[in-house]
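Single-structure report; data block below.
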Amino acid sequence: MHLATYITAERQAEETRRAHHEREARRFSFGGMGPGPFTTRTEAQIVADATARYERAQAAAATPEGRFRTAAALIFRATGDERLLNCASRGIDSNADLASDLLRTMDGPAADAARAALADVVAPVLMAAE
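Plus 16 on top of the position in the sequence shown (first one is 1) and you've got this note's numbering.
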């Protein structure tokens, strides 16, 4: 995803927060018990928050686990086979054998990327076990 997508999501989140605040204000407005005034984030704050989220997502995607999840998601979108995504969600380290078995039956660039990422994830675990 691009930074613009994250900025759009932050703007939508801000609008959702504002709408929720208005609903709460109407609901609890009797007797002075409503929420305090709504504080809108500035555009600069929204962009800064979106940029921080984007950078965290990019850093996570660059890890071996992130690359494996990306490849597993591509395989799922192309084939509908969600078994690799299940391996990733349960922990790649503990499901490396199953993931490796599944990847033996798969072809294509996404499978190649998943194999490479899986090797990067498993190699440190194997080395630590020695």
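Ideal Cβ positions, reconstructed from N, Cα and C, are used throughout, including at glycine.
Under the three-state DSSP convention, the category Pro51 falls into: Locating residue 51 in the sequence shown gives position 35, where the first residue counts as 1. Reduced to three states, the DSSP call for Pro51 is coil.
For Ala78, which of helix, strand or coil comes out of DSSP? On the sequence shown, position 62 is the one that residue 78 refers to. Three-state DSSP puts Ala78 in coil, outside helix and strand.
Pick helix, strand or coil for Ile23, following the three-state DSSP scheme. As a first step, residue 23 must be located in the sequence shown, where it is residue number 7. In this structure, Ile23 counts as helix in the three-state DSSP scheme.
Spell out a yes or no on whether the segment 128-138 and the segment 78-88 are touching, meaning 3 or more CB-CB pairs, one atom from each, closer than 8 Å. yes
For Arg42, which three-state DSSP category applies? Here residue 42 refers to the residue found at position 26 of the sequence shown. In this structure, Arg42 counts as helix in the three-state DSSP scheme.
So, at 6 Å on beta carbons, what are the nonlocal neighbours of Glu26 in its own chain, with the 5 sequence-adjacent residues on each side left out? In the sequence shown, the residue the question calls residue 26 occupies position 10. The answer, listed in chain order, is Ile62, Asp65 and Ala66.
What residues in its chain sit with their C-beta under 7 Å from that of Cys103, if we drop five residues either side in the sequence? Counting from 1 along the sequence shown, the entry for residue 103 is found at position 87. Closer than 7 Å at Cβ, skipping near neighbours: Asn111, Leu114 and Ala115.
If I follow the unbroken alpha helix (DSSP H) through Asn102, where does it start and stop? The residue labelled residue 102 in the question sits at position 86 within the sequence shown. Run containing Asn102: Arg99 to Arg106, per the alpha helix (DSSP H) assignment.
Look at the Cβ atom of Ala73, then the Cβ atom of Ala129, and state whether they are nearer than 7 Å. On the sequence shown, residue 73 is found 57 positions in, with the first residue counted as 1. On the sequence shown, residue 129 is found 113 positions in, with the first residue counted as 1. Result no, Cβ atoms of Ala73 and Ala129 do not sit closer than 7 Å.
What does the alpha-carbon distance come out to for the pair Pro53 and Ala68? Here residue 53 corresponds to residue number 37 of the sequence shown, with the count starting at 1. Here residue 68 corresponds to residue number 52 of the sequence shown, with the count starting at 1. Computed Cα separation, rounded: 26 Å.
Assuming Pro51 and Ala41 make a contact with CB atoms under 8 Å, what is their CB distance in whole Å? Walking along the sequence shown from the start, residue 51 turns up at place 35. Walking along the sequence shown from the start, residue 41 turns up at place 25. So it is a contact: roughly 6 Å between Cβ atoms.
Count the other CB atoms within 10 Å of the CB of Ala20; is the residue buried (16 or more) or exposed (fewer)? Position 4 of the sequence shown, counted from the first residue, corresponds to residue 20. Its Cβ having fewer than 16 others within 10 Å, Ala20 is exposed.
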